[in-house]
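Contents: one structure, followed by commentary.
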Amino acid sequence: MGRQPCCDKQGVKKGPWTAEEDTKLINFILTNGQCCWRAVPKLAGLRRCGKSCRLRWTNYLRPDLKRGLLSEDEEQLVIDLHARLGNRWSKIASRLPGRTDNEIKNHWNTHIKKKLIKRGIDPVTHEPLQKVHQDTKTTSSPEEHSSLSEVNNDSLPQMETCTNAIGSSEENSSSSPHENCSTLSSDDEKLLSYLLGDDEPPLVDTLSWELPNDAQNFNRDIGVFTSWDDCATWLFDCQDFGVQDFGFDRFNEFEMSVLDTLEASNIQQK
DNA sequence: AATTAATTCAACCGCACGGTT
DNA sequence: GAACCGTGCGGTTGAATTAAT
C-alpha cells in the first residue's frame, strides 16, 4: 500500500487565503489549540489540506509573529548562523523570536545574498569571492559561479569575511579576518553549540524578560513555560495585534481584536 | 498612460524523519 | 523490522507589486 496523500486532492482549495478562511482557522486554533493538522480543515470547516493550514498558521497567523523587514541586528544574526548552520532555516529561525523559517529564507534570498555578493562574500561558503574564484578556477566553469560577475571589484581589496560584512561592524577591521568572523557573544556561542547538537541547552536570561504577572508556571531555572496557558499568555502579550493587558482567560477579546485586524487589512486591500 | 522587467513573498511540493502500530 | 502516519523542512513557483522605460 502506497503512502496516503496528505490530503484529498479533490475539493481542496489552493492559492491565497481569504480573510474568512483566516478567521475560521484562527477561531479553531484559539478554541482547540494546535492538534493533528490533518484533522484541522475538516473540524474548522475549511476546504484546505492540513499542511496548508499549518503553514498559514505558522507563517502568517501565529500571534507571536513580528512583521516587517529584519533589523540590522537580526540580519547580522542570520548571517552568523547561516555561516555555521547553512540552509537550516528552521534552526536559524528558532534563534530569532517572531520570525519564521520561510520569512528568513525569503529575506536571505532577496536581500542578504545580494548584500554579501556586493561586498565580495560568497553567500554559500561565506568566504571572500576572490578566494572561491581562485579555488574553483581550475575545476569548474565560470557559469557555475555566475555570482562572481556581480561582484564589485572595487570592494575586493578591503574584503571582509562573513559576519562583519554588513552594518556597523564594517568598522572593526583591526582584528584578523578569522577573528572578525566570530562576532558572537558567549551566549550566542552556547546557543550555537546547542543548535549544532554538541552541547546542553543554554540557560535563558529570564530575569530580564517581562513575564506575565500570573506566570506561575514559568520555570526560571530551565527557561521554559511548564504550562501552555502561561506560554500562550506571554506570547499574546508580545504579539503585535494591539492587545497588551489581558490574560489567557480573556480569549474572546483577543479573538475580537484579531478579527478587527483582519477586517481592517481586508478593507485596506480593497 | 501603457507596457515591460524586476522584485518580493505567500504558498505549494516532494522528501525525510520520528513515532506508532 | 516493516508499514503507515503526521509533521517539519528546504527548494521552488507564481501571483502581486513596484520600478523602469
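If you want our numbering, it's the position in the first sequence, counting the first as 1, plus 1356.
Even for Gly, the Cβ is constructed at its ideal location relative to N, Cα and C.
Beta-carbon proximity of residue i to residue j, cut-off 8 angstroms
| i | j | result |
| --- | --- | --- |
| residue 1457 | residue 1417 | no |
| residue 1484 | residue 1477 | yes |
| residue 1393 | residue 1434 | no |
| residue 1400 | residue 1380 | yes |
| residue 1409 | residue 1419 | no |
Residues sharing a beta bridge with residue i, DSSP
| i | result |
| --- | --- |
| residue 1477 | 1484 |
Beta-carbon separation (whole angstroms), residue i vs residue j, contact threshold 8 angstroms
| i | j | result |
| --- | --- | --- |
| residue 1421 | residue 1454 | 5 angstroms |
| residue 1468 | residue 1431 | 6 angstroms |
| residue 1461 | residue 1445 | 5 angstroms |
Cβ neighbours of residue i in the same chain (closer than 6 angstroms, five flanking residues each side left out)
| i | result |
| --- | --- |
| residue 1524 | At residue 1524, the pLDDT of 38 sits below 50, so the modelled position is not reliable; the number obtained from the coordinates is stated separately. Result list for residue 1524: empty, nothing under 6 angstroms. |
| residue 1415 | 1456 and 1458 |
| residue 1369 | 1403 and 1404 |
| residue 1426 | 1463 |
| residue 1452 | 1430 |
| residue 1372 | none |
| residue 1479 | 1469 and 1472 |
| residue 1515 | Reliability of the predicted coordinates at residue 1515 is poor, the pLDDT of 36 falling under 50, and no value is obtained from them. |
| residue 1376 | none |
Sequence-distant residues of the same chain with beta carbon closer than 7 angstroms to residue i, five excluded per side
| i | result |
| --- | --- |
| residue 1466 | none |
| residue 1413 | 1381 and 1385 |
| residue 1449 | 1455, 1456, 1457 and 1460 |
| residue 1443 | none |
8 angstroms CB neighbourhood of residue i in its chain, flanking five on each side removed
| i | result |
| --- | --- |
| residue 1388 | 1399 |
| residue 1635 | What the structure shows of the chain is the stretch from 1357 to 1626, and residue 1635 is not part of that stretch, so it cannot be assessed. |
| residue 1374 | none |
| residue 1391 | none |
Should the stretch 1435-1450 be regarded as contacting the stretch 1391-1405, the criterion being three or more beta carbon pairs within less than 8 angstroms?
no
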